[in-house]
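A quick write-up on the structure given underneath.
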Amino acid sequence: MSNLSLKNLSKVFDAKTVVLRGINLEITQGEFVVLVGPSGCGKSTLLRLIAGLEQPTEGEIFIDGVSVAHKPPVERDIAMVFQDYALYPHMTVAENMTFGLKIRKVPKAVIAEKLKTASKILGIESLLDRKPSQLSGGQRQRVAIGRAIVREPKLFLFDEPLSNLDAKLRADMRIDLSALHQRVGQTSIYVTHDQQEAMTLADRIVVLDKGEIQQVGTPIEVYNKPANVGVATFIGSPTMNLFTGELLFEGNKKTFRFGDNALEMGDGFDTPLKPGSYKLGIRAEDLTLGIPENEKNETSIRAKLLVKEVHGHEIQVVAEVGGARIISRVSERDLMSRITGMHKGSEIYLPVHGGNLHWFENTQHGARI
Amino acid sequence: MCSPIYIHAWSKVACECGVKERFLLEQKKKSVLLFNYIILLVFSFIALFPLAWILITALKKKEDVFSSSLNILSGNYSFENFVYVLTQNDGIFLIWLKNSFIIAILTALICVSLASGAAFAFSRFRFPGRKQGLYLFMLVQMFPGVILIIPLYYIIRSLGLLNSISGLILAYCASALPFSVIMLKGFFDTVPKSLEEAAVIDGLSQWGVFTRIMMPLALPGIAVTLFFAFITAWNEFMIAMTFMNEESQFTLPIGIQTFIHEYNTQWHLMSAAGILITLPALVVFIKLQPLIISGLTKGATKS
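Listed below in structure tokens is the structure:
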């Protein structure tokens, strides 16, 4: 059964700024859905509409089949974790966590039990008598999550909860959140602009851009089959390489021409059925250095080395092709040592793994073919 | 390769240089500190001298008030002026004290109750006339108080509240309210919006957000406003002088001027009364002072 259902939801600010348009989404019980997209894409507004902190201009919101679009937050049975924690500074950790239950006049014994369970899950039992000002950033975020879980709501809403934490703590909290979701099993909607966070946490990802849903799918689906150029370049790190050019059919031979380069489509290469103007996307891992004897051939891209980014387990090679930058990932040890010896401006050949090509229309939207 | 002797010699030189520099730095710090203290002492003296002079005058006998001696230890000091002020005319001073206290306390309470509601609305809601309303409050502050006396007099008279404590409270609230609203709005503005949203999601109504989240967090601002409104009413002279004509309804500032007669002014009694007037205001300030601390919203959000 659908736990949350959004029907044709729109939001317009000041009668002229369209922030969201025509949002339709079904989220089932227990799902962890991540709303992801660039800044200003409308993801936080969508979360605030679900929370009841904003009113939709058009459309309906159903929670467990009940229309809530025009109900106040308190009648929606949701809990929200804010980006900046939003803890009540004049209350202790325990008071912060149980405030919502006290307002709902839950019996004291039940409150104490729920507080005990939640603080144990989050490992904050020793902090219950402290004030928020006495806590570290990570502890504060745990308390904010604790405040949400003691309520046992129908929906958990997370508004970029990890973006204020440092990189290491963020990685730890990501794992904790994932484990927490598996334990609590409640429907969660999570907003982030960090595609890595989206990929690692989500059961399903909803990619938003310019106020519209671009794609809904599992992280693997969105990564392997991005619906358009926008999704393809947003999801994945490093960004997908994109070449605009012409696909030519000459007898049995297919060639993709972009700038001064021509890439021959070898056996096993995915290509569109018709010749024409296209955008070709190649992920960095599908574009590695070849072995010496066969790297210089027609199914390789010739490029000039610009920068080598050493990550330890791999090297990301940034190169230039006809004025455009392309990125390739090198993770095999002997190739890594070869690339380490190369200098800026060296000519390199990057063989293409033809089975994972992404073809898009050469239009502004750039839909996947 | 350096021998240990060389190393020792070099480190000694480096060490000596460091000591000398540190010594000069310490000296510089000390002279800056001394200069700061001198400046502070001069200004403290300017601020406190009149108060000290009044205190000394209050403790002097009538005949010693005009003594030209600057030796403060030479005088004959006693508390008899204070006793006289408190007991003269069947203890009328205590009645004025009571009037002043009732008026100042009620003005402060009414003013803060009204101002906090208005300030919350100005801080958090967007409504037609919001900006103009705020400008109007600021504009009112720019007029000299004396100009307001005539219109206030007409209003209070038409309400039949002349020569009454409630009339004076009404007038004082009117004059203290604009600044109180502006001041409290500033405090409410510092409370992060996400706290209010978290409270709404937790189940609070707008009234609940105001009373259980905003008010406790704006406590320093409320304490400052309380004190401001209290002092406004406590020290006010012109309006009280215009509105009150019965001696039993006087407040302390008009009561004190009964010591000024046509041909002589009883400075020793005026000074004693002046000291007695200052004390309750000081007590109120000391009581509110712990609340006037900043940083109550610390820890609420990342910032």
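Note that the protein sequences, when read in sequence, are chains A and B. Each step along the first sequence adds one to the number in our numbering, with nothing skipped, and position 216 is 465. Each step along the second sequence adds one to the number in our numbering, with nothing skipped, and position 189 is 1232. We put the beta carbon where it would ideally sit given N, CA and C, even for glycine. Note that the structure is predicted; figures quoted are calculated from it, not measured.
- Taking 7 Å as the cut-off, the beta carbon of A/N490 is found closer than this to the beta carbon of A/I531.
- For A/R419, no chain B residue has a Cβ inside 9 Å of its Cβ, as the nearest lies near 13 Å away.
- Counting only runs of at least 3 residues, the region 439 to 469 of chain A fully encloses the following beta strand (DSSP E) elements, listed from N- to C-terminal order: 453 to 458 and 461 to 466.
- The shortest C-alpha to C-alpha distance from A/E470 to any of A/K260, A/R617 and A/P287 is the one to A/R617.
- Contact check for B/H1311 against B/N1119 fails: the beta carbons are separated by 7 Å or more.
- Interface residue (Cβ-Cβ distance to chain B less than 7 Å): A/V433 is not classified as such.
- Distance between B/A1276 and B/V1243, taken at the CA atoms: about 38 Å.
- Identification of residues in the region 309 to 327 of chain A having a C-beta nearer than 9 Å to some C-beta of chain B yields P321, P322, V323, R325 and I327, given in sequence order.
- By alpha-carbon distance to B/F1231, the top candidate from B/P1171, B/L1202 and B/G1264 is B/G1264.
- For A/T449 against A/G279, the beta-carbon gap comes to about 18 Å, at or over 8 Å, which does not count as contact.
- Look at A/E513 here: in three-state DSSP terms it is strand.
- A/D333 belongs to the set of residues whose beta carbon lies under 7 Å from a beta carbon in chain B.
- The secondary-structure analysis by DSSP pairs A/V315 across a beta bridge with A/I312.
- Taking the C-beta atoms as reference points, A/R353 is found nearer than 7 Å to B/G1246.
- Under a 10 Å Cβ-count criterion, A/A416 is classified as exposed, with fewer than 16 other Cβ atoms of the shown protein chains found around its own Cβ.
- Under the Cβ distance rule, A/G349 counts among the residues neighbouring chain B, one pair being separated by less than 7 Å.
- In the three-state DSSP reduction, A/F518 falls in the coil class, being neither helix nor strand.
- Check the Cα spacing between B/T1268 and each of B/E1289, B/I1148, B/Q1249 and B/I1190: the tightest is with B/I1148.
- In the DSSP annotation of this structure, B/Y1127 is not part of any beta strand (DSSP E); the continuous alpha helix (DSSP H) holding it starts and ends at E1123 to R1167.
- Residue contact check for A/H614 against chain B: no CB pair falls below 7 Å.
- With a beta-carbon spacing of about 6 Å, A/F405 and A/A328 fall inside the 8 Å limit used to define contacts.
- Interface criterion not met: the Cβ of A/R379 is under 7 Å from no Cβ in chain B.
- In summary, the residues of the region 1239 to 1253 of chain B whose CB is separated from some CB of chain A by less than 7 Å are E1240, A1241, V1243, I1244, D1245, G1246 and L1247, in the order they occur in the chain.
- Contact of B/I1256 with chain A by beta-carbon distance below 7 Å involves Y337.
- By the rule that beta-carbons nearer than 7 Å mark a contact, A/I575 does not touch chain B.
- By the Cβ test, the region 1194 to 1214 of chain B is not in contact with the region 1252 to 1261 of chain B, since fewer than three Cβ pairs between them sit closer than 8 Å.
- Under the 7 Å criterion on CB atoms, A/L376 is classed as non-interfacial with respect to chain B.
- For the region 348 to 373 of chain A, the set of positions with a beta-carbon nearer than 7 Å to some beta-carbon of chain B reads F348, G349, I352 and R353 in chain order.
- By the C-beta density criterion, A/M346 is buried, having at least 16 other C-beta atoms within 10 angstroms.
- Two segments are said to touch when three or more pairs of C-beta atoms, one from each, lie closer than 8 Å; by this definition the region 285 to 300 of chain A touches the region 316 to 336 of chain A.
- In its chain, beyond the 5 residues on either side, F492 and G494 have a beta carbon closer than 6 Å to the beta carbon of A/F507.
- Runs of beta strand (DSSP E) with 3 or more residues, each lying fully within the region 374 to 451 of chain A, are found at 404 to 408 and 436 to 441, listed in chain order.
- For the region 290 to 308 of chain A, the set of positions with a beta-carbon nearer than 9 Å to some beta-carbon of chain B reads R297, A300, G301 and L302 in chain order.
- For A/H607, the uninterrupted beta strand (DSSP E) segment begins and ends at H607 to E610.
- A direct Cα-to-Cα measurement between B/Q1131 and B/D1107 gives close to 21 Å.
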